[in-house]
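K.L.:
Just so you know, the protein sequences line up as chains A and B, in that order.
All letters in the first sequence, in the order written, are residues 301 to 410 by my numbering.
All letters in the second sequence, in the order written, are residues 122 to 235 by my numbering.
Below is the structure I would like to discuss, written out as structure tokens.
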Amino acid sequence: GESVGLHLPTLSVQEGDNSIINCAYSNSASDYFIWYKQESGKGPQFIIDIRSNMDKRQGQRVTVLLNKTVKHLSLQIAATQPGDSAVYFCAENDAYKLSFGAGTTVTVRA
Amino acid sequence: DVKVTQSSRYLVKRTGEKVFLECVQDMDHENMFWYRQDPGLGLRLIYFSYDVKMKEKGDIPEGYSVSREKKERFSLILESASTNQTSMYLCASSLGQGLNTEAFFGQGTRLTVV
Numbered sequence: 301g302e303s304v305g306l307h308l309p310t311l312s313v314q315e316g317d318n319s320i321i322n323c324a325y326s327n328s329a330s331d332y333f334i335w336y337k338q339e340s341g342k343g344p345q346f347i348i349d350i351r352s353n354m355d356k357r358q359g360q361r362v363t364v365l366l367n368k369t370v371k372h373l374s375l376q377i378a379a380t381q382p383g384d385s386a387v388y389f390c391a392e393n394d395a396y397k398l399s400f401g402a403g404t405t406v407t408v409r410a
Numbered sequence: 122d123v124k125v126t127q128s129s130r131y132l133v134k135r136t137g138e139k140v141f142l143e144c145v146q147d148m149d150h151e152n153m154f155w156y157r158q159d160p161g162l163g164l165r166l167i168y169f170s171y172d173v174k175m176k177e178k179g180d181i182p183e184g185y186s187v188s189r190e191k192k193e194r195f196s197l198i199l200e201s202a203s204t205n206q207t208s209m210y211l212c213a214s215s216l217g218q219g220l221n222t223e224a225f226f227g228q229g230t231r232l233t234v235v
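The structure is reproduced here in structure tokens:
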């Protein structure tokens, strides 16, 4: 079946460095993707989204890249801060419901 | 700001009990969802609803049912709780069908079945 997955379950990053979190999806018909951040004890929170007619979208300190050829999505976080420590999920919009990957736990080292 | 509120943060129930998890959203969203979250498995969709009194099965509906009598409220029901239903349950809402917009999540209910 269709699935959305992340390449690595954990990522350790030095404070101040850039982080890159990857996600592969398998539904070539998907036209909308979202990155969520989940801090301990909280529900997932929206970070940034991208539609399939775009290759790149930038927010505040975050950039999402979409490569439709290889069905790959990435989230880049610039100048990673301790507050960026969380679990990050990519999600794929299938009609009006979202399918999620397993998540990547990002730990920021001081 | 959109607010999705789940009635309980933590619940402990006994095997065989009927359990109700309640969720309310205040942004007049058409779509509402129930997910469960388990380590290493991400978020898996249990049920969703795109309108009052409408419901659709998600990926793992077995052992669950839902109710949506009012637009703002979506309830998840465990007919007879079992230990394998111990999990974090997340409710979410989003704008109407056909619109690509993000889902907004509640804070989650951690259910333990003993």
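Every residue, glycine too, gets a C-beta built ideally from N, C-alpha and C.
Please read these numbers as outputs of a predicted model, since none were measured by experiment.
1) List, in chain order, every chain A residue whose beta-carbon is nearer than 8 Å to that of B/GLY161.
2) For a contact meaning CB atoms closer than 7 Å, what does B/GLN228 contact in chain A?
3) List, in chain order, every chain B residue whose beta-carbon is nearer than 7 Å to that of A/LEU411.
4) Check whether the segment 136-146 of chain B touches the segment 364-381 of chain A, taking contact to mean three or more Cβ pairs, one atom from each stretch, closer than 8 Å.
5) I'd like to confirm the pairing. Which residues does DSSP put opposite A/ALA386 in its beta bridges?
6) Can you say whether A/PHE333 is buried or exposed, counting buried as having 16 or more other CB atoms within 10 angstroms of its CB?
7) With three or more beta-carbon pairs closer than 8 Å as the criterion, would you say the segment 200-211 of chain B touches the segment 317-331 of chain A?
8) Would you list, in chain order, the members of the segment 142-171 of chain B that have their beta-carbon closer than 7 Å to a beta-carbon of chain A?
9) So, is B/ASP180 buried or exposed, given that buried needs 16 or more other C-beta atoms within 10 angstroms?
10) Report, in whole angstroms, the separation of the C-beta atoms of B/THR136 and B/VAL234, which I expect to be a contact under 8 Å.
11) Can you tell which of A/ARG361, A/GLY403, A/THR407 has its C-alpha closest to the C-alpha of A/LEU308?
12) Tell me A/GLU392's beta-bridge partners as DSSP assigns them.
13) Looking at C-alpha atoms only, which residue of B/GLU151, B/TRP155, B/VAL133, B/MET175 is the closest neighbour of B/TYR185?
14) Taking DSSP's pairing of strands, which residues face B/TYR210 in a bridge?
15) Taking A/TYR388 as the reference, which of A/GLN358, A/GLN360, A/GLN338 has the closest Cα?
16) Under the DSSP definition of a beta bridge, which residues are partnered with B/VAL173?
17) Take the Cβ of B/ALA224 as the centre, count every other Cβ of all protein chains shown within 10 Å, and call the residue buried at 16 or more, exposed below.
18) Compute the distance between the beta-carbons of B/TYR171 and B/GLU151, then report whether it is under 8 Å.
19) What's the C-alpha gap between B/SER214 and B/THR222?
20) Report yes if the C-beta distance between B/ARG165 and B/THR230 is below 8 Å; otherwise report no.
P.N.:
Here's the rundown:
1) Below the 8 Å Cβ cutoff, chain A contributes PRO309, ALA402 as neighbours of B/GLY161, in chain order.
2) Chain A residues near B/GLN228: LYS342, GLY343.
3) Absent from the structure is residue 411 of chain A, since the part of chain A shown begins at 301 and ends at 410.
4) With contact defined as three or more Cβ pairs closer than 8 Å, the segment 136-146 of chain B and the segment 364-381 of chain A are not in contact.
5) In the DSSP output, where bridge partners are listed per residue, A/ALA386 has A/VAL406.
6) It counts as buried.
7) Here the segment 200-211 of chain B makes no contact with the segment 317-331 of chain A; the two share fewer than three CB pairs at distances below 8 Å.
8) Flagged, chain order: ASN152, PHE154, GLY161, LEU162, GLY163, LEU164, LEU166, PHE169, TYR171.
9) Exposed.
10) B/VAL234 and B/THR136 do touch by the CB rule: their CB atoms are close to 6 Å apart, below 8 Å.
11) If we check each option's Cα against that of A/LEU308, A/GLY403 comes out closest.
12) Note: A/GLU392 sits in a beta bridge opposite A/PHE333, A/SER399.
13) Per the Cα distances, B/TRP155.
14) According to DSSP, B/TYR210 bridges with B/ARG157, B/THR230.
15) For A/TYR388, the nearest C-alpha among the options comes from A/GLN338.
16) DSSP output for B/VAL173 lists no bridge partner at all.
17) B/ALA224 sits buried, since 16 or more C-beta atoms from the chains shown fall within 10 Å of its C-beta.
18) Cβ distance < 8 Å, so B/TYR171 and B/GLU151 count as in contact.
19) For the pair B/SER214 and B/THR222, the Cα-to-Cα distance works out to about 10 Å.
20) The answer is no: Cβ separation not under 8 Å.
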